[in-house]
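For reference, the structure is listed below as C-alpha cells.
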Amino acid sequence: MKIGVVSGNVVSTINFPFFDSKKLMICDYLNSDGSTSGYTIAVDRVGAGVGETVLIMDEGNSARQMFGLDTGPIRAVIVGIVDAADFGETEVG
Amino acid sequence: MKIGVVSGNVVSTINFPFFDSKKLMICDYLNSDGSTSGYTIAVDRVGAGVGETVLIMDEGNSARQMFGLDTGPIRAVIVGIVDAADFGETEVG
Amino acid sequence: MKIGVVSGNVVSTINFPFFDSKKLMICDYLNSDGSTSGYTIAVDRVGAGVGETVLIMDEGNSARQMFGLDTGPIRAVIVGIVDAADFGETEVG
Amino acid sequence: MKIGVVSGNVVSTINFPFFDSKKLMICDYLNSDGSTSGYTIAVDRVGAGVGETVLIMDEGNSARQMFGLDTGPIRAVIVGIVDAADFGETEVG
Amino acid sequence: MKIGVVSGNVVSTINFPFFDSKKLMICDYLNSDGSTSGYTIAVDRVGAGVGETVLIMDEGNSARQMFGLDTGPIRAVIVGIVDAADFGETEVG
Numbered sequence: 009m010k011i012g013v014v015s016g017n018v019v020s021t022i023n024f025p026f027f028d029s030k031k032l033m034i035c036d037y038l039n040s041d042g043s044t045s046g047y048t049i050a051v052d053r054v055g056a057g058v059g060e061t062v063l064i065m066d067e068g069n070s071a072r073q074m075f076g077l078d079t080g081p082i083r084a085v086i087v088g089i090v091d092a093a094d095f096g097e098t099e100v101g
Numbered sequence: 009m010k011i012g013v014v015s016g017n018v019v020s021t022i023n024f025p026f027f028d029s030k031k032l033m034i035c036d037y038l039n040s041d042g043s044t045s046g047y048t049i050a051v052d053r054v055g056a057g058v059g060e061t062v063l064i065m066d067e068g069n070s071a072r073q074m075f076g077l078d079t080g081p082i083r084a085v086i087v088g089i090v091d092a093a094d095f096g097e098t099e100v101g
Numbered sequence: 009m010k011i012g013v014v015s016g017n018v019v020s021t022i023n024f025p026f027f028d029s030k031k032l033m034i035c036d037y038l039n040s041d042g043s044t045s046g047y048t049i050a051v052d053r054v055g056a057g058v059g060e061t062v063l064i065m066d067e068g069n070s071a072r073q074m075f076g077l078d079t080g081p082i083r084a085v086i087v088g089i090v091d092a093a094d095f096g097e098t099e100v101g
Numbered sequence: 009m010k011i012g013v014v015s016g017n018v019v020s021t022i023n024f025p026f027f028d029s030k031k032l033m034i035c036d037y038l039n040s041d042g043s044t045s046g047y048t049i050a051v052d053r054v055g056a057g058v059g060e061t062v063l064i065m066d067e068g069n070s071a072r073q074m075f076g077l078d079t080g081p082i083r084a085v086i087v088g089i090v091d092a093a094d095f096g097e098t099e100v101g
Numbered sequence: 009m010k011i012g013v014v015s016g017n018v019v020s021t022i023n024f025p026f027f028d029s030k031k032l033m034i035c036d037y038l039n040s041d042g043s044t045s046g047y048t049i050a051v052d053r054v055g056a057g058v059g060e061t062v063l064i065m066d067e068g069n070s071a072r073q074m075f076g077l078d079t080g081p082i083r084a085v086i087v088g089i090v091d092a093a094d095f096g097e098t099e100v101g
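Chains A, B, C, D and E, in that order, are what the protein sequence lines are.
According to the numbering used here, the first sequence is numbered sequentially starting from 9.
According to the numbering used here, the second sequence is numbered sequentially starting from 9.
According to the numbering used here, the third sequence is numbered sequentially starting from 9.
According to the numbering used here, the fourth sequence is numbered sequentially starting from 9.
According to the numbering used here, the fifth sequence is numbered sequentially starting from 9.
And the structure:
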C-alpha cells in the first residue's frame, strides 16, 4: 500500500455499472519527507475528503475484495484514512 | 487509474481476433501540473479522439472485464473521457 | 522481493476483517549502496521492529499465500528479517 | 502496451519446454520524441528483426493468451510490427 | 524478463516451506550500456554464482510455473544464465 493525500476528484462518465455512484479521487503520493510526487486515481471506499491523508491499496485483486467482488474493473482504492504515520523523522497526521 | 491525453494512434497488424477493428491509441500520461510525461498504448472503448483527456485503466483483469471477457490479451484501456479533473491547483477539462 | 528498512508504522482504521490486529509498517527501500529511497506499506508477518532490515514480498498472490489465504486484500508483506545481505561492495546486517 | 525497437537478442538456456525454439529479443522502449530508454526481454511471436519497431504486450495473462496457453512462464511478448505510430509531433515508421 | 548480474545473496529466515533450501540472490539490473542500476531479490533455479549474468523472470504466475507450483509465494526467479546478449552497440557475455 501507499500513503496519499487527496487533492481533488475526477468527473468522467464510465459506462460500466460498478462505477455508478462511486467517487474517483485524485491522490498525490506522499514521500517520506512530507512532500508529494505523482498521483493515482483511486475509488473511494471510506468517504475521504480533499486534503485528507489516506491509505491506498493498489492491486486489482485486493481492490475487488475490498468491495466484495470476484470480478470488476478496479485497481486502486482508498481503504482507510490515516490517523498517524511515523516515517522516523517526519510525522504525518 | 491514470489520466492521459490522446496524442495519436498506432497502426500495427496483431494476429489475434480480439484486436480486429479495435483502435490502439497513444495516451500521454498527464501530470498534476498539466504537463505530460511517458505514454501507454491503450485500447479505446469510448471513441476517444486526439487531444481528448481520458481515464486509462491499466490492469489486465480490469481491462478484460470492461470488454466482458474472461480471457483476452489486454492490459490498458481507455474507459472514459474526462469531463473535469481537479488537481487542487490545476484544473483540466 | 526487495530489501527494506522499517522506519515506522501507520495507524489507520481499515474496515475489513483481515486487518484486525495486523500491523502496517512503513518500509524504506534499501539501495545497494546502503542508502534508502522510496517506501511501501507492508503488513508485518514476522514481528519486525523499527530499524530492522527486512525482506518484503510485493505481489498480491504471494502475499495472500504467506497468510494462508485464497483471497484477501494484501499486496506487500514483510516475510523475513535479514540476517545478512551481501551487495558485493556493501554489506548490510 | 508499449512501443519498442528491437536492438538485439539474448542467448540463454532456459530449462523449461515453453522456451524451446522461442527467440528472446531485447527491445528498447521508444519515447514519444523518438529516443529510447530502458529495455525489456520479450518473446517474439511475429518474426521481428533487429531495428524493427514493435508492439510489446507486458502482462503475464495477456502474454500467455497470445500463445494460446492457460499457464506458462511468460510476461512480455512482441505482438505486432508497428507500421506507423503517430505521437502528435513525432512520427515513427 | 530482465537481465541482471548476480552481486551477492541474502540470508534471512523465511518461515514458509517453499523457501527451505532455496537461495535468494541479489541481482543488479543490467542497463543496455553495460552499467547496472537497481536490484531485485530473486530465487535461484539454475545454480547462478556471483558475477554471472542471468535472465530474471519477474512475474508471480510465471515464477510459480517455473517451479511447477500452482500456488506459492514467489515473484522473481533466475531462469537462465546468459551466454550472450547483443544490445546493438554493447555486447555482454
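Glycine included, each C-beta is placed from N, C-alpha and C at the ideal position.
Keep in mind the model is a prediction, meaning the values are calculated, not measured.
Interface flag, residue i vs chain E, CB-CB below 7 Å
i, result
"C/N23", "no"
"C/A92", "yes"
"D/Y37", "no"
Pair within 7 Å by beta-carbon distance, residue i and residue j
i, j, result
"E/G96", "D/S45", "no"
"D/V87", "D/A93", "no"
"D/V12", "D/V62", "One detail in the question is off: residue 12 of chain D reads as Gly in this sequence, not Val. The answer is yes: Cβ separation under 7 Å."
"E/G80", "E/F26", "yes"
"E/Y47", "C/S40", "yes"
Min CB distance residue i to chain C below 7 Å
i, result
"A/M9", "yes"
"E/V18", "yes"
Residue i at chain D interface by Cβ criterion, 7 Å
i, result
"E/G96", "yes"
Spatial distance of residue i from residue j (CA atoms)
i, j, result
"A/D91", "B/I89", "34 Å"
"D/R83", "D/S70", "8 Å"
"E/D7", "E/A56", "Beyond the ends of chain E as shown, which are 9 and 101, falls residue 7 of chain E; an answer cannot be given."
"E/A50", "E/M74", "13 Å"
"A/L38", "C/I64", "20 Å"
"D/V54", "D/D66", "15 Å"
"E/S29", "B/V19", "49 Å"
"A/D78", "A/K31", "20 Å"
"A/I34", "A/E60", "11 Å"
"D/R72", "D/V85", "9 Å"
"E/N23", "C/G76", "12 Å"
"C/D52", "E/N17", "23 Å"
"A/K10", "C/M9", "17 Å"
"A/T21", "E/T21", "49 Å"
Proximal chain E residues relative to residue i, where beta-carbon distance stays under 9 Å
i, result
"D/I34", "I11, S40, A93, D94, F95 and G96"
heavy atom of the ligand COA below 6 Å from residue i C-beta
i, result
"B/N23", "Looking for the ligand COA in the displayed structure turns up nothing, as the structure carries no ligands at all."
Test: residue i CB closer than 7 Å to a CB of chain B
i, result
"A/I64", "no"
Residue i: contacting residues in chain D (beta-carbon distance under 7 Å)
i, result
"B/R68", "Reading the sequence as shown, one finds Gly at residue 68 of chain B and not Arg. The answer, in chain order, is E67, N69 and S70."
Within chain C, the residues that residue i reaches when beta carbons sit closer than 9 Å
i, result
"E/S15", "S40, D94, F95, G96 and E97"
Contact set between residue i and chain A, taken where Cβ atoms lie within less than 8 Å
i, result
"C/T48", "M9 and K10"
Can you pull out the residues from the region 77-89 of chain D whose beta carbon lies closer than 7 Å to at least one beta carbon of chain B?
V87, G88 and I89
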